[in-house]
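> Using the numbering used here, read the sequence shown as starting at 89 and increasing by one per residue. Where a beta carbon is used, it is the ideal one built from N, C-alpha and C, also for glycine. Small disclaimer: the values here were computed from a predicted structure and weren't measured.
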Amino acid sequence: MTAIVEASARKEIELAKIRTDVVGSLLRPAALKEARTRFDDGAIAADALRAIEDEAVREAVRLQESAGLDVLTDGEMRRLNFQDSFGGSVEGYDASRSTLKVYERRVEGAAPGRRWDIRQMHDVGTAVSHRRPAKSRLKLARNLPLEEYRFVGSVAKKPAKVSLIGPDRISQRFAYESSTAIYRDMDDFLSDVVAIERQIVASLVDAGCRYVQIDAPGFTAYVDPPSLQQMRARGEDPEQNFARSLKAEAAAIANFPSVTFGIHLCRGNQRSMWHREGAYDGIAERLFNELPHDRFLLEYDTERAGSFEPLRFVPKGRVVVLGLVSTKGPELEGVDALKRRIEAASKFLPLDQLAISPQCGFASDVVGNLLSPDDQKRKLERVVETARAVWG
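1. Report the partner residues of R383 according to the DSSP bridge assignment.
2. Would you check if the segment 394 to 405 and the segment 340 to 347 touch, i.e. whether three or more CB-CB distances between them fall below 8 angstroms?
3. Report the rounded CA-to-CA distance for E272 versus S279, giving the unit in angstroms.
4. Taking only three categories from DSSP, how would you classify R261?
5. Give the single residue among L439, R383, S460 and A443 whose Cα lies nearest to the Cα of G417.
6. Starting from R193, trace the alpha helix (DSSP H) both ways and give me its first and last residue.
7. Can you find a heavy atom of the ligand ZN that lies under 8 angstroms from the Cβ of V347?
8. Hey, how far is the Cα of F170 from the Cα of K121?
9. Under the three-state reduction of DSSP, which class applies to L412: helix, strand or coil?
10. Scan the segment 295 to 334 and note each continuous alpha helix (DSSP H) run of 4 residues or more that stays entirely inside, going in chain order.
11. Can you look up I444 in the DSSP assignment and give me helix, strand or coil?
12. Can you look up G180 in the DSSP assignment and give me helix, strand or coil?
13. Within the chosen definition, does the segment 464 to 476 reach the segment 154 to 167 through at least 3 CB pairs nearer than 8 angstroms?
14. Apply the 10 Å Cβ neighbour rule to Q152 and answer buried if 16 or more other Cβ atoms are within range, or exposed otherwise.
15. Does DSSP put D109 in a helix, a strand or coil?
16. Can you tell me whether A133 is helix, strand or coil according to DSSP?
17. I need the straight-line Cα distance from Y181 to S251, nearest angstrom please.
18. In the DSSP assignment, find the unbroken beta strand (DSSP E) run with R225 in it and report its ends.
19. By a C-beta neighbour count over all protein chains shown, 10 Å radius and 16 as the cutoff for buried, is E365 buried or exposed?
20. Looking at C-alpha atoms only, which residue of D135, V409, A451 and E431 is the closest neighbour of I106?
21. According to DSSP, which residues form a beta bridge with N357?
22. Would you mind stating whether G449 and L114 have Cβ atoms separated by less than 9 angstroms?
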């Protein structure tokens with residue numbers, strides 16, 4: 089038994105230290121988009137849609153394994169939006185059902201490569217993807233991440249991870265001012281959120297998942313002037329929000345010793361657009377030292393992310409996964425240029441504590457970014473090629 093435990097421990101250490109990573113979503117195949125539209129229109133049943141989703145997941149697994157990645161995801165093929173991990177799993181929100189066409193309409197007339205008007209995300213719509221109130225206390229109604237893992241874990245030869253939207257983003261997309269009859273304050277709301285997140289994580293651990301990624305794109309709101317202005321306009325204290333979120337994020341993953349936890353920060357990823365800007369400097373020291381996650385997956389593909397200097401606050405034993413390969417466009421980064429970026433980062437954090445990944449998902453929602461499946465394949469292969477050139 090001791091030998092088994094030691095072997096398991098070695099495996100977990102290797103997973104925490106892997107040199108290549110992916111954030112989550114992949115471009116949805118045309119056949120899947122067509123099937124989803126037909127399902128939304130009532131032309132096919134759920135079973136028919138699921139069969140097509142299954143094949144899309146199998147193809148996503150083949151793509152990632154052929155690229156040589158150390159860990160993979162199901163490509164989020166069953167989600168309309170990356171935030172469905174929570175929004176689609178709970179009941180209690182005053183929210184409406186979403187469709188593929190809704191997400192297509194959200195980006196109509198938008199200009200790729202520019203800042204997306206964040207106000208477009210706060211209309212009536214699905215929970216978390218839009219800022220919605222509660223009509224009753226939240227509870228787990230359907231465990232979508234567990235369903236996703238059970239299938240991808242059954243078809244993948246490499247370790248599969250699951251991404252969950254974290255408490256910080258959930259709190260930012262909660263209309264608390266319209267929910268006072270249900271939740272007395274944000275602390276009351278987040279206590280339910282953390283409890284539900286822990287239910288989901290525990291179920292994944294029981295099913296054999298050993299890498300859980302928390303998506304926390306909202307943390308960059310605390311260094312983005314327009315986002316800070318919106319918080320203050322609602323009567324919020326951004327510093328208090330930040331502190332509350334750090335505590336909730338830590339509580340959501342506490343006491344799962346056999347699991348590698350990652351947390352992903354970015355600046356928005358919608359149809360090759362972005363939502364926020366600002367360097368990590370203003371949040372880095374508290375973020376890296378108050379969060380217990382093993383891996384920090386940080387967007388670093390543009391000047392909007394600032395320098396690598398904040399990495400000096402990362403404690404020993406943690407890994408920063410540098411999101412250097414952009415998912416927003418087809419231009420393929422050169423290996424030598426990526427190596428120089430990693431070398432620059434290593435001046436602030438030892439090379440042994442660094443890894444590489446794409447900067448974000450390729451399709452944070454079903455619409456996807458403006459690049460082709462072949463572009464996506466080459467970028468995943470470039471991540472692996474660069475990692476081998478740097479770490480062997």
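If we stick to the structure as given:
1. Numbered from its first residue, the sequence shown carries residue 383 at position 295. DSSP lists G350 and V407 as partners of R383.
2. Between the segment 340 to 347 and the segment 394 to 405, the count of C-beta pairs closer than 8 angstroms stays below three; the two stretches do not touch.
3. If you number the sequence shown from 1, residue 272 lands on position 184. If you number the sequence shown from 1, residue 279 lands on position 191. Looking at the sequence provided, one finds Arg at residue 272 rather than Glu. C-alpha of R272 to C-alpha of S279: approximately 12 angstroms in a straight line.
4. Position 173 of the sequence shown, counted from the start, is the residue given in the question as residue 261. The DSSP-derived three-state label of R261 is coil.
5. Residue numbering aside, residue 417 sits at position 329 when the sequence shown is read from its first letter. Of the candidates L439, R383, S460 and A443, the one whose C-alpha sits nearest the C-alpha of G417 is S460.
6. Taking the sequence shown and counting its residues from 1, the one referred to as residue 193 is at position 105. That run of the alpha helix (DSSP H) goes L188 to R194.
7. Among the ligands in the structure shown, none appear at all, so the ligand ZN cannot be discussed.
8. In the sequence shown, residue 170 corresponds to position 82, counting from 1. In the sequence shown, residue 121 corresponds to position 33, counting from 1. Taking the straight line from one Cα to the other gives about 16 angstroms.
9. Along the sequence shown, read from residue 1 onward, the residue named residue 412 stands at position 324. Residue state, collapsed to three classes: strand.
10. Entirely contained in the segment 295 to 334, the alpha helix (DSSP H) runs reaching 4 residues are, in chain order, 313 to 321.
11. Counting from one through the sequence shown, the residue named residue 444 turns up at place 356. Strand at I444.
12. In the sequence shown, residue 180 corresponds to position 92, counting from 1. Under the three-state reduction of DSSP, G180 is assigned to strand.
13. The segment 464 to 476 vs the segment 154 to 167: in contact.
14. Counting from one through the sequence shown, the residue named residue 152 turns up at place 64. Burial check for Q152: the Cβ neighbour count within 10 Å reaches 16 or more, so the residue is buried.
15. What you label residue 109 is simply residue 21 of the sequence shown in a count that begins at 1. D109: coil per DSSP, three-state reduction.
16. Stepping through the sequence shown from its first residue, residue 133 is reached at position 45. Three-state result, A133: coil.
17. By one-based count along the sequence shown, residue 181 stands at place 93. By one-based count along the sequence shown, residue 251 stands at place 163. Cα to Cα, Y181 sits roughly 21 angstroms from S251.
18. In the sequence shown, counting from the first residue as 1, residue 225 sits at position 137. DSSP places R225 in the uninterrupted beta strand (DSSP E) bounded by A222 to L228.
19. Position 277 of the sequence shown, counted from the first residue, corresponds to residue 365. Around the Cβ of E365, a 10 Å sphere holds 16 or more other Cβ atoms; the residue is buried.
20. In the sequence shown, residue 106 corresponds to position 18, counting from 1. Minimum Cα distance to I106 is reached at V409.
21. The sequence position of residue 357 within the sequence shown is 269, counting from 1. When beta bridges are read from the DSSP output, N357 appears opposite no residue.
22. As a position in the sequence shown, residue 449 is number 361, starting the count at 1. As a position in the sequence shown, residue 114 is number 26, starting the count at 1. Taking 9 angstroms as the Cβ cut-off, G449 and L114 qualify as a contacting pair.
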